[in-house]
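Residue numbers (our numbering): 143 to 283.
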């Protein structure tokens, strides 16, 4: 008799890896894809918004994503409607034209609340020329 045992990994997180911050009994997870953001290339920002007690994604929420440069100047704002958020999870496509350090602020408004929950994450955007430099030495021992 052959017995097949299937092990399924389990995690309470909606996003594996990335950053996580808890604000007012709400967990907000954040991840960039690819992990290393490069200037003038599209990438995805993925978010997961969960109840800190139940670890379940929040329903009936809207999100606003605000981008700031390293000097605190607002660069862009993107509104994410509730219909685009599935069990607290959503992603947006974005592109930073220049390298540098950027702040990404996320504001979450639940249908039942008057005041938004907000937090921010920092993104380091690499200079494209660093990745295009293909000069390296291969040594054989």
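Cβ coordinates follow ideal geometry from the N, Cα and C atoms, glycine included.
Whole-angstrom distance between residue j and residue i, CA atom to CA atom
i: residue 162; j: residue 208; result: 18 angstroms
i: residue 206; j: residue 156; result: 19 angstroms
i: residue 198; j: residue 220; result: 24 angstroms
i: residue 238; j: residue 255; result: 32 angstroms
i: residue 218; j: residue 159; result: 26 angstroms
i: residue 284; j: residue 201; result: Given that the chain is displayed from residue 143 to residue 283, the structure contains no residue 284 and the question cannot be resolved.
Beta-carbon proximity list for residue i, same chain, < 8 angstroms, skipping 5 on both sides
i: residue 216; result: 208, 209, 210
i: residue 327; result: Here the chain covers residues 143 to 283 and nothing more, so residue 327 does not appear.
i: residue 165; result: 259, 260, 261
i: residue 167; result: 193, 194, 195
Proximity of residue i and residue j at Cβ, strictly below 8 angstroms
i: residue 249; j: residue 260; result: yes
i: residue 212; j: residue 241; result: no
i: residue 263; j: residue 178; result: no
i: residue 244; j: residue 267; result: yes
Spatial neighbours of residue i in its chain, beta-carbon cut-off 6 angstroms, leaving aside the 5 residues before and after
i: residue 226; result: 232
i: residue 257; result: none
Three-state class that DSSP yields for residue i in the structure shown
i: residue 254; result: coil
i: residue 198; result: coil
i: residue 152; result: Here residue 152 scores only 40 on pLDDT, less than 50, and its place in the model should not be relied on; the value that follows carries that caveat. Residue 152 falls in the coil class under three-state DSSP.
i: residue 249; result: strand
i: residue 224; result: helix
Distance cut-off 7 angstroms: residue i Cβ against heavy atoms of the ligand NAD
i: residue 212; result: The ligand NAD is not part of the structure shown, which contains no ligands of any sort.
Cβ shell of residue i (< 7 angstroms), same chain only, five flanking positions each side left out
i: residue 265; result: 174, 179, 244, 246
i: residue 169; result: 162, 192, 194
i: residue 235; result: 184, 186
i: residue 188; result: 157, 173, 175, 233
Can we say the stretch 175 to 184 touches the stretch 193 to 208, given the rule of at least three CB pairs closer than 8 angstroms? no
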